[in-house]
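So the protein lines, in turn, are chains A and B. The letter at position 74 of the first sequence is residue 74 when you use UniProt numbering, and the numbering goes up by one with no holes. The letter at position 120 of the second sequence is residue 120 when you use UniProt numbering, and the numbering goes up by one with no holes. Just so you know, even glycine gets a beta-carbon here, dropped at the ideal spot from N, CA and C.
2 protein chains.
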Amino acid sequence: MNPKRCAACKYLRRRCPKDCIFAPYFPPNDPAKFACIHRIYGAGNVSKMLQQLPDQTRAEAVESLCFEAKCRVDDPVYGCVGIIHLLQTQVQNAQNELAKTQAEVAVAQTRLSQTQNSDF
Amino acid sequence: MNPKRCAACKYLRRRCPKDCIFAPYFPPNDPAKFACIHRIYGAGNVSKMLQQLPDQTRAEAVESLCFEAKCRVDDPVYGCVGIIHLLQTQVQNAQNELAKTQAEVAVAQTRLSQTQNSDF
Numbered sequence: 001m002n003p004k005r006c007a008a009c010k011y012l013r014r015r016c017p018k019d020c021i022f023a024p025y026f027p028p029n030d031p032a033k034f035a036c037i038h039r040i041y042g043a044g045n046v047s048k049m050l051q052q053l054p055d056q057t058r059a060e061a062v063e064s065l066c067f068e069a070k071c072r073v074d075d076p077v078y079g080c081v082g083i084i085h086l087l088q089t090q091v092q093n094a095q096n097e098l099a100k101t102q103a104e105v106a107v108a109q110t111r112l113s114q115t116q117n118s119d120f
Numbered sequence: 001m002n003p004k005r006c007a008a009c010k011y012l013r014r015r016c017p018k019d020c021i022f023a024p025y026f027p028p029n030d031p032a033k034f035a036c037i038h039r040i041y042g043a044g045n046v047s048k049m050l051q052q053l054p055d056q057t058r059a060e061a062v063e064s065l066c067f068e069a070k071c072r073v074d075d076p077v078y079g080c081v082g083i084i085h086l087l088q089t090q091v092q093n094a095q096n097e098l099a100k101t102q103a104e105v106a107v108a109q110t111r112l113s114q115t116q117n118s119d120f
């Protein structure tokens with residue numbers, strides 16, 4: 001047993017090869033990270049997805065996959081689509097509030113200009 | 001060959017059983033829907049996720065999984081996390097714009113009340 005196996009190889013109970021595709025992104029001290037991604041996508045699919053990406057984008061891909069997997073574990077029906085719906089509502093609310101406030105500015109400016117004109 | 005096999009069983013080249021877990025959500029006339037979800041999660045993982053859910057939530061779960069899978073195919077590095085970042089930026093921008101406009105309302109109202117007071 002190699003005590004320096006990455007978290008993925010430890011989870012999969014296999015030898016961690018020198019060129020292990022998981023090792024750079026799944027350090028041995030964070031076993032939950034791989035467990036979550038494995039539960040949702042499966043190790044084979046994650047490995048396949050990483051292989052299809054250039055090296056310099058893999059760390060970001062792992063982070064986004066982990067985020068999505070965690071969201072799916074937390075919310076098995078909506079996953080991170082639930083977060084997207086929530087954010088869309090927030091954007092909509094903020095835009096409505098903005099439109100209302102812009103109308104208030106327009107009213108206040110009109111009244112101001114009327115008051116100033118009536119001074120002459 | 002059963003011409004009424006669901007898109008999933010057709011894709012997996014297997015007989016579509018009477019109680020097929022995929023059939024209600026993957027009609028034969030939309031083969032791309034299953035292909036996409038299979039490519040990202042694998043049929044076994046999708047089946048397992050659906051089995052763990054009550055019947056009445058499965059349709060929504062399939063829709064959100066399909067959405068996430070499509071996002072991952074379109075953007076293999078960020079998937080739908082890219083959309084989340086974009087929406088977070090939109091919320092932030094709208095909130096900044098709102099704060100600016102609220103400040104404009106306050107200024108206009110202060111000037112208005114000063115102008116009105118100076119009339120007396």
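CB contact flag (residue i, residue j, <9 Å)
i, j, result
"Lys10/B", "Pro24/B", "no"
"Gly79/A", "Ser64/B", "yes"
"Ile83/A", "Met49/B", "no"
"Pro31/B", "Ala61/B", "no"
"Val73/A", "Thr57/B", "no"
"Val91/B", "Val81/A", "no"
"Thr115/A", "Gln116/B", "yes"
"Ala35/A", "Ala94/B", "no"
"Ser47/B", "Phe26/B", "no"
"Ala69/B", "Ala108/A", "no"
Separation of residue j from residue i, as counted between CA atoms
i, j, result
"Asn96/B", "Arg14/A", "51 Å"
"Leu87/B", "Asp75/A", "20 Å"
"Asn45/B", "Ile37/B", "10 Å"
"Val105/B", "Val105/A", "5 Å"
"Leu112/B", "Gln102/A", "16 Å"
"Cys16/B", "Cys66/A", "33 Å"
"Lys33/A", "Lys18/A", "21 Å"
"Lys100/A", "Leu98/B", "10 Å"
"Met1/A", "Thr89/A", "Residue placement at Met1/A is poorly supported in this model, since its pLDDT is 45, which falls under 50; the coordinates are not used for a value here."
"Arg5/B", "Leu53/B", "23 Å"
Three-state class that DSSP yields for residue i in the structure shown
i, result
"Leu98/A", "helix"
"Leu50/B", "helix"
"Asp75/A", "coil"
"Leu12/B", "coil"
"Arg5/A", "coil"
"Phe22/A", "coil"
"Arg111/B", "helix"
"Gly42/A", "coil"
"Asn29/A", "coil"
Proximal residues of chain D, C-beta to C-beta of residue i below 7 Å
i, result
"Ile83/B", "In summary, chain D is missing from the structure at hand, where the protein chains are A and B."
Check: residue i C-beta below 8 Å from any heavy atom of the ligand SAH
i, result
"Ser118/B", "In the structure shown, the ligand SAH is absent, as is every other ligand, since no ligand is present at all."
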